[in-house]
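Written out below as structure tokens is the structure these notes cover.
In our numbering, the protein residues as written are 2 to 550.
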């Protein structure tokens, strides 16, 4: 009953209302003369310095889903859940090399989305359209997943009803407020709120990793309890250590997730909002501190085992909702007022990335679909208006995913999203270093990787579904006599690259036209103070220049 959680509800509601007010006030924070421009509404004026970028990108990548689902996976399966820790360590050296180049060329040409870059680099509106659609499709379930974190908290506090509408009404209200202040303030809203979100999360986790082990008898007892649970599990792959069957899946999932994370449009949006290249470099050097925090967050799953937490029932009959284990752990072990603070950290941790994701998806639609195919002469004000409206539609779609789909299926959709967004790697990430790939080869490679990825995902079963039950593909389906599995995204993107490379060799040998590179070598090293080139200038009118090696 919600009455048993009244203190928690009050604390949660007050902090939620505080950040909502900050979201509306953000329109006046570092406000420009004119918000009717995608550079201002969608990228915060491209003016964020080190600290703002630190909180914005960190808040963008470490979401409510991370706070809830990573410990839930540790609770349910054990060591496999730790894949999130190495991939967030591996990623930063990779993107250090890539994103500074993307920032520079975007700064020089006024690009707002990765599809803008692909359009200019490969002179292919079709390839740019595929990149834009891929980004939007991959982002939608990611937004929906933020709702799962809020829903787990609300369910723990008893703020749910029996009917579908009553059960989801609090989430609908929360996202209506989010939609309102995002529409008004754009990227400035999540940037400002991220300060509160990250501060709350750091406080809650530091208290949890000191207080809870003390209360539960120490780390030795916590790991012993987890080991005992997994020893009794019928699934031989569950355990506090990996085994021969899941090691390949662990490695490929960690590496594939690292490659995918900064291909997501919302990750790129946070980077493009930075003031200069040095801001990005400093942040890529410092952001691994969040990985330390993530490792501590993951261990909450083992603490929940030691505390004897029993997950609440799931949406389907006979199932349990492992996403509730962290909120239940806080509810059982913390005083009510501090549990309310922890719930607020999870709830606010959902709002920040959800806002950035909806803005990124809206920018893709506006720049690469609306302006490219529906209204080529759209003014900056019209672009901003369309992007604002689209961001509302995206949020409605995310809420619909939760209302009409099993939340557990939504989590699997996020894994599918990673497979999808990985297919943009050849055009976006490799395209920043080379124009060797032929645009037609990239298009067909994308189709091959996407087709194979969807087929493989269709073959993956789970205890509750015959198809699309996760991203761990059994190698026995390829004829191998083994129980090992592999991450679908790695296989799909390797096929994508192989097809693109082979076709490039054939197309270049047959001298098929490839269009002109609209960038120059110095574009990839431009920094703050360099002139921004806008459509209609001599640079855009004369794109036939020597491509970057």
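Cβ atoms here follow ideal geometry from the backbone N, Cα and C, with glycine treated the same way.
No experiment lies behind these values; they were computed from the predicted model shown.
Item                                                                                                                            : Value
Outcome for residue 200 when other beta-carbon atoms lying within 10 angstroms are tallied against a minimum of 16              : exposed
Cα-Cα separation between residue 254 and residue 301, rounded to whole angstroms                                                : 21 Å
With 16 other Cβ atoms within 10 Å as the buried cut-off, status of residue 84                                                  : buried
CA nearest to the CA of residue 197, picked from 209, 53, 285 and 247                                                           : 53
Counterpart residues of residue 49 in DSSP-defined beta bridges                                                                 : 275
Three-way DSSP call (helix, strand, coil) for residue 31 in this model                                                          : coil
For residue 48, the nearest candidate out of 341, 102 and 277 (CA to CA)                                                        : 277
Simplified DSSP assignment, three categories, for residue 514                                                                   : coil
Same chain, Cβ closer than 7 Å to residue 60, five either side skipped, listed in chain order                                   : 191, 195, 198, 199, 353 and 354
Cβ neighbours of residue 539 in the same chain (closer than 7 Å, five flanking residues each side left out)                     : Residue placement at residue 539 cannot be trusted, given a pLDDT of 35 that sits under 50; the coordinates are not used to answer.
Between the CA atoms of residue 466 and residue 237 - distance to the nearest angstrom                                          : 20 Å
Selected residue, minimal CA-CA separation from residue 250, among 478, 520, 529 and 487                                        : 487
For residue 270 and residue 379, believed in contact at Cβ under 8 Å, the rounded distance                                      : With a Cβ gap of about 20 Å, residue 379 and residue 270 do not count as contacting.
Cβ pair residue 221, residue 113 closer than 8 Å                                                                                : no
Residue(s) in a DSSP beta bridge with residue 79                                                                                : 240
Burial state of residue 333, where buried means 16 or more other Cβ atoms lie within 10 Å                                       : exposed
Residue interval of the beta strand (DSSP E) (run including residue 434)                                                        : Per DSSP, residue 434 belongs to no beta strand (DSSP E) and is neither H nor E.
Burial state of residue 105 (16 or more Cβ within 10 Å)                                                                         : buried
Of the listed residues 472, 498, 530 and 258, nearest to residue 1 (C-alpha basis)                                              : In the structure as shown, the chain begins at 2 and stops at 550. Residue 1 is therefore absent and cannot be evaluated.
When 64, 127, 513 and 207 are compared against residue 374, the one with the closest alpha-carbon                               : 127
Neighbourhood of residue 246 by C-beta distance below 6 Å, restricted to the same chain and skipping five residues each side    : 238, 484 and 485
Per-residue burial, residue 13 [other beta carbons within 10 Å of its own, 16 or more giving buried]                            : buried
Distance, residue 15 Cα to residue 341 Cα                                                                                       : 10 Å
The stretch 414-424 in contact with the stretch 256-267 per 3-pair CB rule at 8 Å                                               : yes
Rounded distance between the beta-carbons of residue 45 and residue 189, thought under 8 Å                                      : 5 Å
Residues that residue 313 bridges to, as DSSP identifies them                                                                   : 322
Opposing strand residues paired with residue 563 [DSSP bridges]                                                                 : Absent from the structure is residue 563, since the part of the chain shown begins at 2 and ends at 550.
Per-residue burial, residue 280 [other beta carbons within 10 Å of its own, 16 or more giving buried]                           : buried
Integer-rounded CB distance, given that residue 327 should sit under 8 Å from residue 72                                        : 5 Å
Bridge-paired residues (DSSP) for residue 488                                                                                   : 473
Cut-off 6 Å between Cβ atoms - residues of its own chain near residue 491, not counting five sequence neighbours on either side : 253 and 257
Same chain only: Cβ atoms within 6 Å of residue 265, ignoring 5 sequence neighbours per side                                    : 422
C-alpha distance - residue 76 paired with residue 338, whole-angstrom precision                                                 : 25 Å
Cβ shell of residue 140 (< 7 Å), same chain only, five flanking positions each side left out                                    : 265, 266, 267, 358, 361 and 362
Residue-level contact to chain C via CB, residue 48, 8 Å cutoff                                                                 : Here chain C cannot be found, since the structure has a single protein chain.
Three-way DSSP call (helix, strand, coil) for residue 36 in this model                                                          : coil
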